[in-house]
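Read through the structure below, which is laid out as structure tokens, and then see the notes.
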Amino acid sequence: MIPEFIASQGRELPLILLLVALLGFRLRVTPRVSLLVRAAPEKIFALLDFSEGEEQRWQRTRVTTRLVDAATRTFRLHFATPLATGAVQSTTADFRVIEHEVPRFLEIVRADLAGKPEINQLLRMRYEFAAEGDATRLTLTYWWGPRALLAQLLARADLWGSAYRIKGLAETGTPDFGADARISAMVAATTGIVTLAAFAFAFGSALAVLLVVALFTHEFGHLLAYRIIGQPWGRMVFLPFIGAVAVPRIGFTSQAQLVFSALMGPGFSVIAAVLAALAASAIDPAPELVVAFGIVTVALNLFNLLPVEPLDGGVALRCIMECVAGRFARPGIIAVALLTMAAGWHFEQLLLLVFGALAALVNLGQRTQAAGLKPLSRLEVVISAFVFMAIVGAYATLLRVFFANLPILT
2 MIPEFIASQG
12 RELPLILLLV
22 ALLGFRLRVT
32 PRVSLLVRAA
42 PEKIFALLDF
52 SEGEEQRWQR
62 TRVTTRLVDA
72 ATRTFRLHFA
82 TPLATGAVQS
92 TTADFRVIEH
102 EVPRFLEIVR
112 ADLAGKPEIN
122 QLLRMRYEFA
132 AEGDATRLTL
142 TYWWGPRALL
152 AQLLARADLW
162 GSAYRIKGLA
172 ETGTPDFGAD
182 ARISAMVAAT
192 TGIVTLAAFA
202 FAFGSALAVL
212 LVVALFTHEF
222 GHLLAYRIIG
232 QPWGRMVFLP
242 FIGAVAVPRI
252 GFTSQAQLVF
262 SALMGPGFSV
272 IAAVLAALAA
282 SAIDPAPELV
292 VAFGIVTVAL
302 NLFNLLPVEP
312 LDGGVALRCI
322 MECVAGRFAR
332 PGIIAVALLT
342 MAAGWHFEQL
352 LLLVFGALAA
362 LVNLGQRTQA
372 AGLKPLSRLE
382 VVISAFVFMA
392 IVGAYATLLR
402 VFFANLPILT
């Protein structure tokens, strides 16, 4: 028999469960883009073809190409991104040219994934060139390894960004990075409108607007964190009935960056909550909308600070636990997840049950949240824990301010 507090969740529950399932279900994805470029096929082909010693720049990232096997036409691409800290983040990837017909086809496959997982990896790229008058019809197709629903959406957005970058470079000599920013804005706006409609369907239009504004503020904090550590602006995607997520363009180099980026969401939102609290305290009587926005902001961010993945608090907890508890980190995190489920059952809160169960499931197998990243130092562990508790304390104080103004609303 289904408990009453679950059965009474309302008409949005099946949609929430369906979306959670889709977000976790991985499929191979093959996005395809076609656009007209006002340049000759030979010129565009030369821009995309690999050559020894070639250097390109994708925003802050410098890409250097080296020929590692002439017989198989295998090239190694070295990606170097300078960070705000002064460090340089470097990665490499090997690609083999399997079809090379100037100026009609260029197909490249990943050559360094033997025995490695293909999840979220770019496996193959194909470029097709067809003359149309004095222009060229450029068609790009990317083959990706298994990706979740959200990652599939971002793969398509990234491909469109790549296409317009190539178009700008071929037509003007300068890559069109502005198009990539416009695509990011369009993804955020489109998913935001859909999420607003979903929240309005479930909770009413007034609360829906407050939720979307609070989510935007929270996710902008994550995007700002990416810029502070020297990365490009990430992408913001809203998820109907669930919330939103900010996705970085490149990986992190240290657990300190990961924790900083995770805590910047709720940390930045403190500013919005403080402004709402000041307005509620200065205006008599306190505006209902201001108090409601403050409560929504506090509730949303306190929820995100719960110590279960994939919430921000869970990401911070895992990094801290891996440094403090070592091999006992995983059992400790599972214990926290089970306690969260127990709290959800006791207080009849479905979201606590769902996220607690999700955190327990993803940690059943041996895994490392920050594999390959520089671990937190002892000082960084102390700072991370202090910042976490300071943010929680700030929201607890702000919540009392907003609750003090609740009687005015009656």
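Residue 32 in our numbering is what sits at position 31 of the sequence shown, and the numbering runs on without skipping anything.
For glycine and all other residues, C-beta sits at the position ideal for the given N, C-alpha and C.
Contact set for residue i: own chain, Cβ-Cβ below 8 Å, skip 5 residues either direction
i, result
"Y165", "L36, D177, A180, D181, I184"
"V214", "F294"
"P118", "G146"
"V89", "A81, T82, P83"
"A136", "L37, V38, R39, A40"
Three-way DSSP call (helix, strand, coil) for residue i in this model
i, result
"V316", "helix"
"K117", "coil"
"A88", "coil"
"A41", "coil"
"A245", "strand"
"P267", "helix"
"E323", "helix"
"Q57", "strand"
"F96", "strand"
"R401", "helix"
"F348", "coil"
"T254", "coil"
"T381", "According to the sequence shown, residue 381 is Glu rather than Thr. E381: helix per DSSP, three-state reduction."
"S52", "coil"
"E289", "helix"
"V260", "helix"
"V110", "strand"
"A81", "strand"
"R105", "coil"
"T65", "strand"
"T298", "helix"
"T73", "coil"
"V309", "coil"
"L365", "coil"
"R236", "strand"
"R27", "coil"
"L354", "helix"
"L374", "coil"
Residues near residue i by beta carbon distance below 6 Å, same chain, minus five either side
i, result
"G162", "D181, I184"
"F239", "T192, G193, T196, A245"
"C324", "P376, L377, V382"
"F404", "none"
"Q57", "V64"
"F200", "A209, L212"
"A326", "G333"
"L307", "G314"
"L1", "This structure leaves residue 1 out entirely; the chain is present only between 2 and 411."
Classification of residue i by the beta-carbon crowding that lies within 10 angstroms, buried from 16 upward
i, result
"D313", "buried"
"T92", "exposed"
"T218", "buried"
"H347", "exposed"
"P83", "exposed"
"A249", "Going by the sequence as given, residue 249 is Pro instead of Ala. P249 is buried by the Cβ-count criterion."
"A226", "buried"
"D159", "buried"
"H223", "buried"
"T73", "exposed"
"I321", "buried"
"L365", "exposed"
"M237", "buried"
"E133", "exposed"
"A188", "In the sequence on display, residue 188 carries Val and not Ala. Per the 10 Å Cβ criterion, buried."
"F242", "buried"
"T369", "In this prediction, T369 has a pLDDT of 48, which is less than 50 and means its spatial position is unreliable; what the coordinates show is noted afterwards. When all chains shown are included, T369 counts as exposed."
"T75", "buried"
"T254", "buried"
"L28", "exposed"
Own chain residues within Cβ distance below 7 Å of residue i, not counting five before or after
i, result
"E381", "A257"
"V291", "A277, A280, A281"
"F263", "The amino acid occupying residue 263 in the given sequence is Ala; Phe does not appear at that position. For A263, where only same-chain residues beyond five positions count, the Cβ hits under 7 Å are D313, V316, A317."
"L114", "Q122"
"P32", "Y143, A156, R157, L160"
"D50", "L107"
"R138", "S35, L37, A131"
Test: residue i CB closer than 8 Å to a CB of chain D
i, result
"Q256", "Looking for chain D here will not work: only one protein chain is present."
**Prompt:** Along the chain, which unbroken stretches of the beta strand (DSSP E) at least 3 residues long are found entirely within the region 127–205?
**Reply:** 136–148
**Message:** Using a Cβ distance threshold of 8 Å, determine whether the region 336–343 contacts the region 390–398, with at least three qualifying pairs required.
**Reply:** no
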